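Note that UniProt numbering has the sequence shown beginning at 1, numbered continuously upward. Each remark here refers to the structure printed beneath this line.
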Amino acid sequence: MSQFTSANAFGFLLADCARLFQQMCDKKLSEADMGLSTDQIRVLDCVIQHRASTEWNLAARLAMTAMTLSASLEQLEKDGLIARVTGPDEHAIIVNPTAEGIAVFETVSPVLDDVIIQGLEAMGDAEIAILAGALIKICHNLTKHPDLLMSTDELIH
């Protein structure tokens with residue numbers, strides 16, 4: 001941490017990277033007229049990656065409040081991109097992507113990939129792997145549910 005004047009400087013750097021990434025993704029999605037926000041895409045991706053998950057599990061994976069997640073799920077369901085059904089215990093809501101949701105995500109992925117490519121420009125594979133590993137370690141350290149986070153392999157591939 002010697003290159004940072006305080007621990008806060010590193011936190012601000014992480015926050016700035018996340019903010020810039022979000023802004024660029026929102027801009028690219030708007031330009032591509034996708035009709036979905038970055039948050040909705042993030043939720044849809046999680047639903048696709050973790051099929052038949054409960055709303056609670058998705059909220060934990062995404063570090064979202066139930067209310068925030070519910071609003072995104074409601075819009076995605078209205079758009080026909082996900083389906084929600086009551087689970088066997090009649091309390092939990094199970095969420096799955098629809099075929100249309102998967103198709104939309106496959107259309108959106110290249111748009112977001114361009115942002116990642118731009119952000120990682122001039123970095124080699126080794127640097128990217130180290131960065132991904134470091135970010136995952138930070139996330140593991142900051143969460144009570146590290147088992148819900150992606151592994152380095154899931155993040156890179």
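The beta carbon of each residue, even a glycine, is placed where N, CA and C say it ideally should be. Note that the structure is predicted; figures quoted are calculated from it, not measured.
Residue from the options whose Cα sits closest to the Cα of residue i
| i | options | result |
| --- | --- | --- |
| Q118 | C17, A9 and F12 | C17 |
| A83 | S70, L112, V104 and P97 | P97 |
| D45 | A92, L69 and A32 | L69 |
| V108 | T143, K137 and G35 | G35 |
| G80 | T54, F105 and M123 | F105 |
| E90 | I136, K137, T54 and E121 | T54 |
| W56 | A66, V47 and V111 | A66 |
| L112 | G124, S30, M64 and L142 | S30 |
| A32 | F21, I48 and P110 | P110 |
| A103 | T143, I130, I48 and I138 | I48 |
| E140 | C25, R51 and A63 | For the sequence presented, residue 140 should be read as His rather than Glu. Checking every option, the nearest Cα to that of H140 belongs to A63. |
Whole-Å CB distance - residue i paired with residue j, under 8 Å assumed
| i | j | result |
| --- | --- | --- |
| G101 | I94 | About 15 Å separates the two Cβ atoms, so there is no contact after all. |
| I128 | L120 | 6 Å |
Burial state of residue i (16 or more Cβ within 10 Å)
| i | result |
| --- | --- |
| R61 | buried |
| V115 | buried |
| residue 218 | No information on residue 218 is available, as it lies outside the stretch 1 to 157 that the chain covers here. |
| V85 | exposed |
| A126 | exposed |
| R99 | Here residue 99 turns out to be Ala, not Arg, going by the sequence shown. It counts as exposed. |
Residue i: CB within 6 Å of a non-hydrogen atom of the ligand HEM
| i | result |
| --- | --- |
| F12 | Questions concerning the ligand HEM fall outside what the structure shown contains, since it holds no ligand whatsoever. |
Endpoints, beta strand (DSSP E) assigned at residue i
| i | result |
| --- | --- |
| T65 | It is not in any beta strand (DSSP E) - T65 carries neither H nor E in the DSSP assignment. |
| R84 | I82 to T86 |
Terminal residues of the alpha helix (DSSP H) in which residue i lies
| i | result |
| --- | --- |
| T107 | A99 to G119 |
| A92 | That residue, A92, is in no alpha helix (DSSP H); it is neither H nor E in DSSP. |
| L44 | T38 to Q49 |
| D33 | Looking at the DSSP string, D33 is not in any alpha helix (DSSP H), and its letter there is neither H nor E. |
| A129 | D125 to L142 |
| So, do the stretch 71-83 and the stretch 36-48 have three or more beta carbon pairs nearer to each other than 8 Å? | yes
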